[in-house]
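Everything on this sheet refers to the single structure shown next.
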Amino acid sequence: MPATRDAMAIQAELLSMLERSASARDYDQMLERAEASVGDPALRTMLASSIRAAAAICEQQNQQQRREKSLLVVLESVNDLTAIRDLELVLGAIVRRARQIFASDIGYLTNFDRVRNDFYIRATDGAISERFKNVRVPPDHGICGHVLKHKTPYHCSNYLTDAGFAHDNGIDLAIKDEGVQSLLGAPLMVGNHCIGVLCICDREPRHHAPWEIAMLSTLAAQAAIAMENARLFQEAQVALQRASEANASLHRQATEIEAAAQAQEQMTKLVASGCSVLDLLNMVAARLGGHIALLDEAERPILRTAACDRLDSLLQDTRVQDAVHQALSACRRTGRSHEVDCAADIHVRATALMGADRLLGALLIASDGPMTPTQVRTFERSGLVAGVVLLSQERSELAASSASAATIRALVSWQQESLSVLQSRASPLGLNLSEPLRMAVMSVEERNIEYALRRVRAHIPRGALLENVEGFLVAICADSAFESLERTLHETLLADERLTALGVASATLPRADALPNCFKSLKRGIDILKALGRTRELAAEAGLSMYSLLFEQRQVADVSGFIDAAVGKLVAHDRRRNTGLAETLLAYLEHAQNAKSTADHLQIHVNTLRQRLETVDGMLSGWREEGRFLELHVALRLHRLRRGLPGSTADGNAKEANGADAG
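Below you can see the structure in the form of structure tokens.
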């Protein structure tokens with residue numbers, strides 16, 4: 001009876017275990033207890049059979065539950081395909097659920113790369129090793145290669161020892177790093193093409209039932225559908241985007257062509273109305289949304305449409321100047337505009353302005369972004385039109401220049417006409433000969449004289465005449481306008497490093513009949529400055545007249561020889577020891593050999609002056625003889641002129657006149 005009661009208790013507990021879905025271990029423990037507690041062999045055998053049947057029923061229930069859960073996961077994945085727009089999120093969800101369904105350690109999905117002809121892991125869940133995550137699988141190795149070839153699922157319980165596929169050292173190392181043993185892979189099929197593999201892995205040996213293989217294949221099919229739909233959707237989006245871009249491009253081109261036609265029409269109207277170059281450039285700059293600068297034939301800016309600090313600063317850079325020169329050389333060869341490589345956040349394009357067979361100048365346009373082809377063509381057309389306007393202006397200026405040149409020649413001629421005739425010539429040009437006049441003569445290299453004339457002509461004050469006469473640039477203006485003329489000559493000619501300009505300016509001339517003698521004197525002044533080796537300055541004629549008469553028709557060597565013979569030892573001593581004996585002696589002579597006034601002028605003590613003069617005695621023997629004073633004075637004055645004149649012609653007039661009187 002006790003055995004029967006134990007058997008009944010075990011059966012009741014067995015029913016309870018079935019109800020609560022006990023684990024296989026619980027059944028094993030119950031089986032051990034029944035065999036130990038029940039003595040009757042028949043009853044013990046019956047209980048053992050019941051326990052085993054209950055364990056089998058429980059296993060079937062668990063398997064059925066797993067299948068139901070798997071079906072639910074499949075349905076959820078189908079919902080994801082319609083709800084989630086991001087393909088990577090869908091693939092990640094499929095891999096994660098595949099791992100959850102089979103309670104696997106790792107889940108991953110590979111994609112076949114047709115460009116590199118191998119597989120790469122596109123989505124993974126549960127992997128730890130970076131080598132495993134980044135492994136690339138050749139198409140004829142590993143489980144991926146087997147699935148690609150046979151297009152069927154493949155399962156292995158021990159990857160590293162499985163001989164059903166070709167192994168690769170890199171793949172095996174990745175598998176070993178991750179600790180994978182069991183692996184099940186199903187193909188992602190699109191038609192007859194395998195585009196990837198969905199895999200689940202375990203770090204322990206494992207066998208998969210047929211229904212598990214079928215379930216993984218179902219998930220793989222869903223992943224394949226998602227990837228193919230994404231590809232088709234992306235292609236459709238690309239096609240739509242291309243169509244949209246094509247329509248937008250056509251619209252832009254139509255707009256640009258219409259704008260180019262309007263710009264061409266507006267340029268034609270401006271030229272027909274007799275516009276200036278600046279008017280034309282302002283219109284083009286407004287149309288193209290940039291800043292335009294007009295360069296002369298020496299590639300120097302002479303006009304700009306608006307203040308553009310960045311463009312102005314770029315044109316001061318010698319590297320940018322070289323780049324502009326290279327671009328313009330290319331423009332002349334090709335007949336098209338070219339981009340200027342200025343290595344900055346501003347885009348600069350250049351086009352050459354040609355007139356017949358010579359270069360008239362160039363246009364530069366600066367913009368924040370690159371120009372479209374239509375805008376480039378509009379810019380190039382503006383260059384052609386600007387060239388026409390420049391040629392027209394040049395013809396007008398040539399006509400005016402002929403009258404101006406004839407007037408200057410008549411004013412400086414030795415056979416001067418009457419004042420009334422000269423005034424009739426000068427009045428239309430804005431010059432009143434009854435007022436005090438000033439004259440300046442500039443010497444420029446013959447090959448550059450026309451360029452220099454064009455540079456300065458546009459900036460001279462109203463009523464001033466400036467023309468090429470006898471190979472010199474001769475300027476005549478009213479005394480009141482000379483300061484403006486002088487400033488213009490300094491800014492345009494003397495500051496131009498490409499020119500070796502040199503000039504002499506007269507004092508105020510009260511009458512027009514003084515112009516012929518003044519013209520001759522100014523030319524002599526240029527000769528003496530050249531003999532002294534001077535360049536790029538505008539000197540006052542009053543300080544040069546005496547020396548120009550003394551050394552007329554002399555060369556540089558003659559003047560230098562005279563200075564060296566007279567005071568060469570003194571000059572050499574000053575240069576060697578950085579002293580001022582030459583200046584001291586000149587001051588002594590200009591103050592009529594008065595020691596006190598000389599010392600006051602030099603701001604030194606009289607004894608110091610006497611010591612300096614004693615030093616001079618040792619180098620210039622007999623210099624105190626009265627016959628040598630004039631020679632020494634002239635030599636020292638020439639030495640000072642050779643070293644440099646005062647910067648202002650007005651100051652020079654006064655100082656040189658005073659010095660000449662003192663001498």
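Going by full-length UniProt numbering, the residue at position 442 of the sequence shown is 442; the numbering climbs one at a time, nothing skipped.
Each residue gets a CB set at the ideal place from its N, CA and C atoms; glycine is no exception.
Rounded separation between residue i and residue j - CA only
{"i": "L232", "j": "M17", "result": "53 Å"}
{"i": "L429", "j": "L581", "result": "52 Å"}
{"i": "L184", "j": "G164", "result": "13 Å"}
{"i": "V348", "j": "H338", "result": "9 Å"}
{"i": "H251", "j": "Q241", "result": "15 Å"}
{"i": "I346", "j": "T305", "result": "17 Å"}
{"i": "L549", "j": "R536", "result": "Any answer about L549 is weak, because its pLDDT of 49 lies below 50 and its placement is not dependable; what the coordinates show is given next. Cα-Cα distance, rounded: 22 Å."}
{"i": "I94", "j": "V190", "result": "17 Å"}
{"i": "E265", "j": "R333", "result": "28 Å"}
{"i": "V277", "j": "V444", "result": "27 Å"}
{"i": "E446", "j": "G471", "result": "7 Å"}
{"i": "D322", "j": "R498", "result": "15 Å"}
{"i": "R96", "j": "R131", "result": "20 Å"}
{"i": "P205", "j": "G142", "result": "18 Å"}
{"i": "N607", "j": "V567", "result": "23 Å"}
{"i": "L509", "j": "E491", "result": "25 Å"}
{"i": "R319", "j": "H291", "result": "20 Å"}
{"i": "A254", "j": "A495", "result": "48 Å"}
{"i": "W414", "j": "R511", "result": "15 Å"}
{"i": "E483", "j": "D617", "result": "45 Å"}
{"i": "E380", "j": "A386", "result": "10 Å"}
{"i": "R52", "j": "H155", "result": "30 Å"}
{"i": "F119", "j": "I106", "result": "18 Å"}
{"i": "A592", "j": "D600", "result": "13 Å"}
{"i": "R524", "j": "A595", "result": "35 Å"}
{"i": "Q222", "j": "I57", "result": "32 Å"}
{"i": "M30", "j": "Q100", "result": "30 Å"}
heavy atom of the ligand MN below 7 Å from residue i C-beta
{"i": "A501", "result": "Absence of the ligand MN from the depicted structure is noted, as is the absence of any ligand whatsoever, leaving it without description."}
Residues bridged to residue i [DSSP beta-bridge criterion]
{"i": "H155", "result": "L184"}
{"i": "S367", "result": "H347"}
{"i": "D118", "result": "D113"}
{"i": "Y108", "result": "T124, C199"}
{"i": "I292", "result": "I365"}
{"i": "G206", "result": "The sequence shown places Arg at residue 206, rather than the Gly named in the question. In the DSSP output, where bridge partners are listed per residue, R206 has none listed."}
{"i": "L160", "result": "DSSP, once it has assigned bridges, lists no residue as partnering L160."}
{"i": "V340", "result": "V348"}
{"i": "A505", "result": "A440, A540"}
{"i": "P301", "result": "L295"}
{"i": "C194", "result": "M189"}
{"i": "M354", "result": "L359"}
Beta-carbon spacing of residue i, residue j below 8 Å
{"i": "L294", "j": "L288", "result": "no"}
{"i": "A452", "j": "A405", "result": "no"}
{"i": "L538", "j": "E486", "result": "yes"}
{"i": "S129", "j": "D177", "result": "yes"}
{"i": "L602", "j": "L609", "result": "yes"}
{"i": "L465", "j": "I408", "result": "yes"}
{"i": "Y588", "j": "L570", "result": "no"}
{"i": "G503", "j": "M439", "result": "no"}
{"i": "V135", "j": "C144", "result": "no"}
{"i": "residue 684", "j": "D202", "result": "Within the shown structure, residues of the chain are numbered from 1 to 663, placing residue 684 beyond reach of any answer."}
{"i": "A478", "j": "L515", "result": "no"}
{"i": "T372", "j": "E256", "result": "yes"}
{"i": "I200", "j": "L216", "result": "yes"}
{"i": "L493", "j": "R454", "result": "no"}
{"i": "L391", "j": "A352", "result": "no"}
{"i": "L280", "j": "S382", "result": "yes"}
{"i": "V147", "j": "V197", "result": "yes"}
{"i": "V340", "j": "A350", "result": "yes"}
{"i": "L641", "j": "L532", "result": "yes"}
{"i": "A226", "j": "L91", "result": "yes"}
{"i": "A410", "j": "E417", "result": "yes"}
{"i": "A505", "j": "E541", "result": "yes"}
#### Entry: the stretch 263 to 274 touching the stretch 355 to 367, judged by at least three CB pairs closer than 8 Å
Touching, no.
### Task
Pick out the complete beta strand (DSSP E) segments inside the stretch 427 to 502, 3 residues or longer, and give them in chain order.
Within the stretch 427 to 502, the complete beta strand (DSSP E) runs of at least 3 residues are 437 to 443, 465 to 469, 472 to 478.
### Task
Enumerate, from N- to C-terminal direction, the unbroken alpha helix (DSSP H) stretches of 4 or more residues contained entirely within the stretch 213 to 288.
Taken in chain order, the unbroken stretches of alpha helix (DSSP H) that lie wholly in the stretch 213 to 288 and span 4 residues or more are 277 to 288.
### Query
Is the stretch 150 to 165 in contact with the stretch 186 to 201, if contact means three or more CB pairs nearer than 8 Å?
At 8 Å Cβ cutoff, the stretches touch.
### Task
For the stretch 634 to 642 and the stretch 583 to 600, state whether three or more C-beta atom pairs, one from each stretch, are separated by less than 8 Å.
Here the stretch 634 to 642 makes contact with the stretch 583 to 600; the two share three or more CB pairs at distances below 8 Å.
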